[in-house]
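In mature numbering (1 follows the signal peptide of the UniProt record, and there is no 0), the protein residues as written are -19 to -1, 1 to 653. Don't be surprised by glycine CBs; every beta carbon is placed ideally from N, CA and C.
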Ligand code: GCU
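Next up, the structure:
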């Protein structure tokens, strides 16, 4: 009996611990020190700001801090001014962001930069690919936190608690919008039952400054309204949308707007009726405009038998530049294909000069090992944001082309496809939480460096497991040397490792079909669309490997501004990381370091596997610094990642070897 009771107790406490450790994300309970908060104004958001200070203060004990809402022209939208003991902002949301910044600095030992801190993007949005039945497209952390199949319209206390925790986590990193449903949108989302559930979600998110948006199905007037057409220029269709929008705003007065995937991957859209993306987007924009709503119109388009899928978005959208309403933003994936481990930036960035354009990143790891791999995506997004488009001369980096620094866009925005589900730790892998965190931080400040973001996240997420003390942490000693430094290095190297063992040298889209997890460079069943099969992308034959996008090939390089266009076109100047993205080369092509292309490919695959093994060694030594649940869970994930990395290397090299007809180099096993 005693054994049963004690094992039950053990199970209970470890479940509790598990929940606490995973669930708290980077907002972990700390023993707070006393603080006086002075705030003359009142609002639900300010109540939260005050409470956060009392719950988490790690600064001088007994200090006084003033929260002041006062108009200041240097402070933009929800920015703030942080000085010594005063947080000033134009809005209560600005105050809340200032509070989180101050607390973050206290906990991470960072020095507040002081002065004005304005967000890079006005709209910082998480896109949830959640379906009304609770499943999540490309979700690897359980079912939706918003929707469910059983008893779909009852709102429980647990639902509310979860939505509130979700909102708080977002607010703490500056995210201010959530699209609640999948871009492959069910028309059902616009029916009253779903809108009423969305209303409750909105009410929980509102005090944290998070607005809600919905993805809409372009053919909703047909499926819901009983119309024969969804032609955007049909007056009855326009009227249907106007009424629907009015209805939504009567239920959710601060509704953010629509996200639309149209005429893309089989989704209905204006092209079904011989109309353009601009016709479709503008019709919805006109319906939303009286209420201040936005249309985020996706540029993720490609069709069967296109000579080069990478070119289509640019070809379709560039002629429409300047034809969109002010409240339309074109949402563009970071690369021209589809969230691959490495892609050059989409040529639409900076090229559309008279239209608001927003980057779309994928936080969920569809092509990067699901919730299994430890891959810190911040370095990938930083690489994209820092890429120079040259569109307005040197220094026209993607960040500045989209955040309003270069073009006077009416609205600036950025979106991340969420990795959140009902799993206890939210994201399926403890390290995947870092990607949610990094997305928010970069959306707030697109000049941040991944090293800083990783540093903050590790401190917030793991410090205190071994030494539960209050007061400002100084981050000296063992913890820093033996945990922070190596784990940070692992995070910084993790994306390059994944590129190495999956798709080195610019290879892309060679994953297994449908699941998009393991390797599948051979997959090409008869009758399937060629642009869905890996051989379309790697083009391997006995002649060589790679997709020729030079002038002699598909000429995708001409979508980039000079000098990039020539740089990519010329094999001697094309960065090796994009070599096989832009060039088809013989197996014995000489790389910069003298190796043949084949040998280099072998070497890189092998390096990737070795890097994962190094990560395992780093984590194996993390035991003393992390609670056992998280320690073991991450250890298990890395073990699985290593197995999959070996599979990638063996499968790809064996497959490509039938074409290269060259041996695996004898010195492949070199230290990393
Ligand atoms: C990818 C992904 C789909 C998704 C699509 C999109 O193709 O595999 O699940 O719907 O991107 O972004 O629309």
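For residue 383, the enclosing alpha helix (DSSP H) stretches over residues 379 to 383.
Beta-bridge analysis with DSSP links residue 515 to no other residue.
Residue 167 places its beta carbon 7 Å or farther from that of residue 107.
With respect to residue 494, residue 487 sits apart: the two C-beta atoms are not nearer than 7 Å.
Scanning its chain for C-beta atoms nearer than 6 Å, with the 5 sequence neighbours on each side dropped, one finds around residue 637 the residues 521, in chain order. The C-beta distance from residue 537 to residue 322 rounds to 19 Å, too long to fall under 8 Å, and the pair is not in contact. In this structure, residue 580 lies away from residue 644, with their beta-carbon atoms at least 7 Å apart. Around the C-beta of residue 635, fewer than 16 other C-beta atoms lie within 10 Å, and the residue is accordingly described as exposed.
In terms of Cβ geometry, residue 261 and residue 213 form a close pair [threshold 7 Å].
For residue 146, no beta strand (DSSP E) segment is defined; the enclosing uninterrupted segment is the alpha helix (DSSP H) at 138 to 153. Secondary-structure assignment with DSSP links residue 522 through a beta bridge to 525. In the DSSP assignment, residue 160 falls outside any alpha helix (DSSP H) and lies within the beta strand (DSSP E) extending over 158 to 160. The beta carbon of residue 319 sits closer than 6 Å to at least one heavy atom of the ligand GCU. In the DSSP assignment, residue 108 falls outside any alpha helix (DSSP H) and within the unbroken beta strand (DSSP E) covering 104 to 108.
Counting only residues of its own chain and dropping the five nearest sequence neighbours on each side, residue 183 has a CB closer than 6 Å to the CB of 193 and 233. Taking a C-beta distance under 7 Å as the contact criterion, residue 301 and residue 332 do not qualify as a contact pair.
With respect to the C-alpha of residue 133, the residue from 359, 113 and 20 having the closest C-alpha is 113. It is roughly 44 Å from the alpha-carbon of residue 423 to the alpha-carbon of residue 209. Assignment of residue 90 by DSSP, reduced to helix, strand and coil, places it in the coil class.
When secondary structure is reduced to three states using DSSP, residue 37 falls in the helix class. In this model, residue 553 and residue 369 are separated by some 19 Å (Cα to Cα). Of all alpha-carbon atoms in 40, 22, 19 and 13, the one lying nearest the alpha-carbon of residue 455 is that of 40. Residue 278 is not a Cβ neighbour of residue 338, given a cutoff of 7 Å. In this model, residue 44 and residue 186 are separated by some 30 Å (Cα to Cα).
Proximity of the beta carbon of residue 290 to the ligand GCU is not indicated: no heavy atom of the ligand is located closer than 6 Å.
Residue 462 and residue 353 have their C-alpha atoms roughly 27 Å apart. Excluding sequence positions up to five before and after residue 546, its CB lies within less than 7 Å of the CB of 538 and 539, all in the same chain and listed in chain order. For the options 324, 270 and 245, the alpha carbon positioned closest to that of residue 297 is the one of 245. Around the C-beta of residue 475, 16 or more other C-beta atoms lie within 10 Å, and the residue is accordingly described as buried. Residues 183, 187 and 192 of the same chain have their beta carbon placed closer than 8 Å to that of residue 235, with the five preceding and five following residues left out of the count.
Going by DSSP, residue 47 is part of no alpha helix (DSSP H) but of the beta strand (DSSP E) stretching over 44 to 50. The beta carbon of residue 224 sits no closer than 6 Å to any heavy atom of the ligand GCU. Between residue 514 and residue 286, the alpha-carbon positions lie close to 12 Å from each other. Taken atom to atom, the span from the alpha-carbon of residue 410 to that of residue 591 is near 21 Å.
A residue is called buried once 16 or more other Cβ atoms fall within 10 Å of its Cβ, and residue 477 is buried on that count. About 15 Å separates the Cβ atoms of residue 270 and residue 224, ruling out a contact at the 8 Å cut-off.
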